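A.B. asks: If you scroll down you'll find the structure; I have some questions about it.
Protein chains: 4
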Amino acid sequence: MTPPSPGSPPGTRTGRPRSAEADRAILDATRAALVELGWSKLTMGDVAARAGVAKTTLYRRWAGKNALVVDAVADLFDEHLELPDRGSLQADIEGVVLRFAALLDRPETKTALMAVVAESTRDEALRERIRSAIVERQKDLVLLGRERAQARGELPREEEPAAAARTADLIFDVIAGAVVHRTLVSAEPVDGEWARGFTALLIGGLMGSSVSP
Amino acid sequence: MTPPSPGSPPGTRTGRPRSAEADRAILDATRAALVELGWSKLTMGDVAARAGVAKTTLYRRWAGKNALVVDAVADLFDEHLELPDRGSLQADIEGVVLRFAALLDRPETKTALMAVVAESTRDEALRERIRSAIVERQKDLVLLGRERAQARGELPREEEPAAAARTADLIFDVIAGAVVHRTLVSAEPVDGEWARGFTALLIGGLMGSSVSP
Amino acid sequence: MTPPSPGSPPGTRTGRPRSAEADRAILDATRAALVELGWSKLTMGDVAARAGVAKTTLYRRWAGKNALVVDAVADLFDEHLELPDRGSLQADIEGVVLRFAALLDRPETKTALMAVVAESTRDEALRERIRSAIVERQKDLVLLGRERAQARGELPREEEPAAAARTADLIFDVIAGAVVHRTLVSAEPVDGEWARGFTALLIGGLMGSSVSP
Amino acid sequence: MTPPSPGSPPGTRTGRPRSAEADRAILDATRAALVELGWSKLTMGDVAARAGVAKTTLYRRWAGKNALVVDAVADLFDEHLELPDRGSLQADIEGVVLRFAALLDRPETKTALMAVVAESTRDEALRERIRSAIVERQKDLVLLGRERAQARGELPREEEPAAAARTADLIFDVIAGAVVHRTLVSAEPVDGEWARGFTALLIGGLMGSSVSP
DNA sequence: AATTAATCGAGACGGTACGTCTAGTCTTGAC
DNA sequence: GTCAAGACTAGACGTACCGTCTCGATTAATT
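Residue numbers (full-length UniProt numbering), protein chains in the order written: chain A, 1 to 213; chain B, 1 to 213; chain C, 1 to 213; chain D, 1 to 213.
What follows is the structure, encoded as structure tokens:
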């Protein structure tokens, strides 16, 4: 009956706005359910019940279990994104390795991350979501760490930005890949000793003085 | 009248023997379904239908989806285990990286590996199975490669065997982890250029002459 | 500003007055939806969308689906109430039978009548509404027809008014019931032949000369 | 693997046969739920739970609520299909009228029958099911009653079978229609007095001696 | 050759979760 | 106070799989 207010700014949406509280409750409930039940036994209905929310509300915001869990887990990765300056490149790398390993040790992340990654091999949209929500943000840590090391004179400055970006990608894959592989595939603990050995290898290479401590 | 349990000549069971043809058809069907549908959309009923077999027959042999898929996937990683001598440490590493990347590029392996690893985060027996069937065998390649490099004089010999083993483990996690992470998490291709960059980093370390080619 | 209810001063309500246009649009939309979808698949949301109106507006005026549909349907049965004098009792009855059958053949009345009657089995207020809005008005036709037949000498006059009323009720149930049952339950057409047979039966009874023409 | 036994008789169906007990439990549960809750609040899940049966089992046998209720109610009509010989045509008709009225007075039938009929105005398959499960069987009573009356000499015999069938249809619509209309639309009770009046009208017609008793 | 016992196919079974839909309510900002 | 828009809770819908079960029919090895 009434025309849809032609003079309104394009971003002004009508209707009741979505409840931010519901979002928070849902993501919290998802993480809780993930810890208690694990990925495969987590159900949308259960999450909704825990959050005190109707299932409809979940599906209005997320396409399904995968998307919901990615978002719920992404929040966890945000919490661990700081990189305290430990004074040397070696200490910084060891720090980030141990921090990342601790994150992967928490039951909600280990299962959820791998399940979502596994699912992403068949789902392009999900892959993109993981990349933007988790991967890209972690990659920033690599850039920050390298800048610090260059400021300290531990690493040479590069001129070409494209090559610098490529190198950052590479280092990120090496660090994250090694930790993930050690933890989930080799199924061995990432402890201080391993972190020292890995850092030595990363900095000095195979031909460096001594890999083992 | 003959008891099917111990006492009788081992393996001598009465009644109709299980069909070996069915086993083969089921495993083939499982692999095909895994490629087409991925882990989560693969269903027992569908596998049975593809194999031309009743669901009962599946459950008589495997406890569930997990056990079936792991069995179906196990031998995919048996192949590709040779390491041709390419004349230098650098060429050997680049070779193994590209070979492993090619393996992960095949859709059945990509999906299967991640699915099984994801499941293994909740299943200790499965984790052990992965370790012995996949990890340990691939690790031998690292040892072989290092020996060759030492024979060529590219790498120093180590005296202590325990440290040597630790180092091999580390290198294996770094190589496999980086390739897997690049392929599945970062979702970027592992091509010749990346392999060169990675090998340079691994050999020379961050402080080595130049990471980018 | 003009109050919608009589007795202005007490009814002087503040705020925006209700849109009469909306009422009309809603009832039209309800009838259209009823024809297209039938009672059970008619939804409030769909009616609102067809009427270009918010669901709130529906619920502000009607208590629910039942009330809305009954209102929308009520006046469909107001029409077709004349009984042209066809010269004989037999012709009058055949006329009213065919006229009523034609009314029930229209999809909106067929669906609407049954839907409302079905709902009325669980709703006393609705039952009363049907009685006053539909039954009583149609019943007048029976009285009129009988009077004409008595004037023509086709039927004897009765003295007792109570008995006369009871008989009129009975005849009405027989005529309307037979047509409705034939149309909706037996799902066979009410055509000229059937109308002749029915009229013969009604006038002459089972023992009358011949029921079939 | 094994060919599907090519020599088996065509009616021999393989697989586990359907549980007849489940059928009975479901129909009983449906009737019970109908009495307690009425048509609109009856849910498939609730019926399944009452019957101690999975929802799947309901849907394997019936297409939905409508079909299920038709079958459940049809059984009730079966119970009332006898027509005891009361010695005269008039007594037989009065008997069947009162018996049918009593059936329509039971809460599970009134609501269910009308709801299903209402739905059938939009659903050809449902209409056919109602016809075969309820209407046709009731119609047999008319044929039986007429035969008796003819045997007693109360009604003339007809030669032409087609005309006889048409007449039976007509009489059925008149009897059932009048009772249903009186009960559900006019919402007045069908008692002994009404039954007497109706029977007199049906037998003697409008011009018969006296309609009112 | 007859018996035995585990196999096979088919498909129904009780459960459980899915993702969708509708009812009816509530919240927002515009009128 | 009404309006359109649309988010909200609650709960039924019908579908899909799971893993189990019950059938009748095979099929070897043992009698």
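Ideal placement from N, C-alpha and C gives every residue a C-beta, glycine not left out. Note that the coordinates shown come from a computational prediction; the quantities given were computed from them, not determined experimentally.
#1: Please report the distance separating the alpha-carbon of Leu104(A) from that of Ala67(D).
#2: State the CB to CB distance for the pair Leu201(D) and Val117(C), rounded to an integer number of angstroms; the pair is presumed to be in contact (CB under 8 Å).
#3: Smallest Cα separation from Arg99(A): which of Val190(A), Ser88(A), Ala33(A)?
#4: DSSP three-state call for Met207(A): helix, strand or coil?
#5: With 16 other CB atoms within 10 Å as the buried threshold, where does Gly197(D) fall?
#6: Ordered along the chain, which non-local residues of its own chain (more than five positions away) have a Cβ less than 6 Å from that of Ala133(C)?
#7: Using the C-alpha atoms, what's the distance from Leu89(B) back to Asp173(B)?
#8: Does any C-beta atom of chain C lie closer than 8 Å to the C-beta of Leu143(D)?
#9: With a threshold of 8 Å between beta-carbons, can Glu159(D) be considered close to chain C, or not?
#10: Could you tell me which chain D residues have their CB closer than 9 Å to the CB of Phe198(C), listed as they occur along the chain?
#11: Between the Cα of Glu79(D) and those of Ala25(D), Trp39(D), Arg137(D), spot the shortest distance and give me the residue it belongs to.
#12: If you measure from the beta carbon of Gly87(D) to each beta carbon in chain C, is any gap under 8 Å?
#13: Taking 8 Å as the cut-off, does the segment 175-183 of chain B touch the segment 166-180 of chain A (at least 3 CB pairs, one atom from each stretch)?
#14: Under 7 Å Cβ-Cβ, which residues of chain D neighbour Leu184(C)?
#15: As an exercise, report each continuous alpha helix (DSSP H) stretch of at least 4 residues that is fully enclosed by the segment 9-72 of chain C, in chain order.
#16: With 8 Å as the threshold, decide whether the Cβ of Leu126(B) is near any Cβ in chain A.
#17: If distances are taken between C-alpha atoms only, which option among Ala102(D), Ala187(D), Thr121(D) comes closest to Ile130(C)?
#18: If the criterion is Cβ atoms closer than 8 Å, does the pair Gly205(A) and Gly208(B) meet it?
#19: Does the separation of the CB atoms of Leu34(D) and Leu27(D) fall below 8 Å?
#20: Starting from the C-beta of Ala164(C), find all residues in its chain whose C-beta is less than 7 Å away, skip the five residues before and the five after it, and write them out in chain order.
#21: Of all the options Lys55(D), Glu160(D), Glu82(D), Leu76(D), which has the alpha carbon lying nearest to the alpha carbon of Leu141(D)?
#22: Could you tell me which of Trp194(B), Pro17(B), Gly38(B), Ala102(B) sits nearest to Ala112(B), measuring between CA atoms?
#23: Among the candidates Glu193(A), Glu36(A), Leu58(A), Thr199(A), whose CA atom is the shortest distance from the CA of Arg24(A)?
#24: For residue 217(B), which residues in the same chain have their Cβ closer than 7 Å to its Cβ, ignoring the five residues on either side in sequence?
#25: Which chain B residues sit within Cβ distance under 9 Å of Gly208(A)?
#26: What are the start and end residues of the alpha helix (DSSP H) that includes Ser120(A)?
#27: Out of Ala20(D), Thr199(D), Phe77(D), Ala63(D), state which residue places its alpha-carbon closest to the alpha-carbon of Val135(D).
#28: Comparing C-alpha positions only, which one of Asp85(B), Arg122(B), Ala20(B) sits nearest to Glu36(A)?
#29: Can you list the beta strand (DSSP E) stretches of 3 or more residues lying completely in the segment 148-176 of chain A, in chain order?
#30: Buried or exposed: Arg146(A), going by 16 or more other Cβ atoms within 10 Å of its Cβ?
#31: What's the call for Ser5(B), buried or exposed, on a 16-neighbour Cβ count within 10 Å?
#32: Is any beta-carbon of chain A found at less than 8 Å from that of Gly7(B)?
#33: Is the Cβ of Gly38(A) closer than 8 Å to any Cβ of chain B?
#34: Nearest chain B C-beta to Ala187(A) closer than 8 Å, yes or no?
#35: Which class does Glu94(A) belong to by DSSP, given the choice of helix, strand or coil?
#36: Just to confirm my understanding: we take Glu108(B), look at its own chain, exclude 5 residues before and 5 after, and list those with CB closer than 7 Å. What are they?
C.D. replies: So, from the data block:
#1: Between Leu104(A) and Ala67(D), the C-alpha separation is close to 54 Å.
#2: Actually they do not touch by this definition, with Cβ atoms about 23 Å apart.
#3: The residue from Val190(A), Ser88(A), Ala33(A) with its alpha-carbon nearest to that of Arg99(A) is Val190(A).
#4: Met207(A): coil per DSSP, three-state reduction.
#5: Gly197(D) is buried by the Cβ-count criterion.
#6: Answer for Ala133(C): Ala74, listed in chain order.
#7: Each residue's Cα considered, the two are about 18 Å apart.
#8: Residue-level contact check: Leu143(D) does not touch chain C, since none of the beta carbons of chain C fall below 8 Å from its beta carbon.
#9: Chain C, which has no Cβ nearer than 8 Å to the Cβ of Glu159(D), makes this no.
#10: Neighbours of Phe198(C) across chain D, judged by C-beta separation under 9 Å: Leu170, Asp173, Val174.
#11: Cα-wise, what sits closest to Glu79(D) is Arg137(D).
#12: Output row for Gly87(D): interface = no.
#13: Touching, yes, given that three or more Cβ pairs across the two stretches are closer than 8 Å.
#14: Neighbours of Leu184(C) on chain D, chain order: Val117, Thr121.
#15: The segment 9-72 of chain C contains these whole alpha helix (DSSP H) runs: 20-37, 44-51, 55-61.
#16: Not flagged as an interface residue toward chain A: Leu126(B), since no C-beta distance is shorter than 8 Å.
#17: For Ile130(C), the closest of Ala102(D), Ala187(D), Thr121(D) by C-alpha to C-alpha distance is Ala187(D).
#18: Judged by their CB atoms, Gly205(A) and Gly208(B) are nearer to each other than the 8 Å cut-off.
#19: No, they are not a contact pair.
#20: Glu158, listed in sequence order.
#21: Among Lys55(D), Glu160(D), Glu82(D), Leu76(D), the Cα nearest to that of Leu141(D) is on Glu82(D).
#22: Ranking the options by Cα distance to Ala112(B), first place goes to Gly38(B).
#23: When only C-alpha atoms are compared, the closest one is Leu58(A).
#24: Residue 217(B) is absent from the model: chain B starts at 1 and stops at 213.
#25: Against Gly208(A), the close residues of chain B are Gly204, Gly205, Met207, Gly208, in the order they occur along the chain (beta-carbon pairs closer than 9 Å).
#26: Looking at the DSSP string, the run of the alpha helix (DSSP H) that includes Ser120(A) is 107-120.
#27: Looking at the Cα atoms, Phe77(D) is the closest of the given residues.
#28: In this structure, Arg122(B) is the residue among Asp85(B), Arg122(B), Ala20(B) with its C-alpha nearest to the C-alpha of Glu36(A).
#29: List check, beta strand (DSSP E) in window: nothing returned.
#30: Classification for Arg146(A): buried.
#31: For Ser5(B), the predicted structure reports a pLDDT of 37, less than 50, and the residue's modelled location is therefore unreliable. A value from the coordinates is still provided. A residue is called buried when at least 16 other Cβ atoms come within 10 angstroms of its Cβ; Ser5(B) does not meet this threshold and is exposed.
#32: Model confidence at Gly7(B) stands at a pLDDT of 38, short of 50, so the residue's coordinates are unreliable; what they give is reported in the following sentence. It does not: the Cβ of Gly7(B) has no partner Cβ on chain A nearer than 8 Å.
#33: Yes, because at least one Cβ of chain B sits closer than 8 Å to the Cβ of Gly38(A).
#34: True, the Cβ-Cβ gap to chain B drops below 8 Å.
#35: In the structure shown, Glu94(A) falls within a helical segment according to DSSP collapsed to helix, strand and coil.
#36: Cβ neighbours of Glu108(B) beyond the five flanking positions: Arg31, Leu34, Val35, Leu76.
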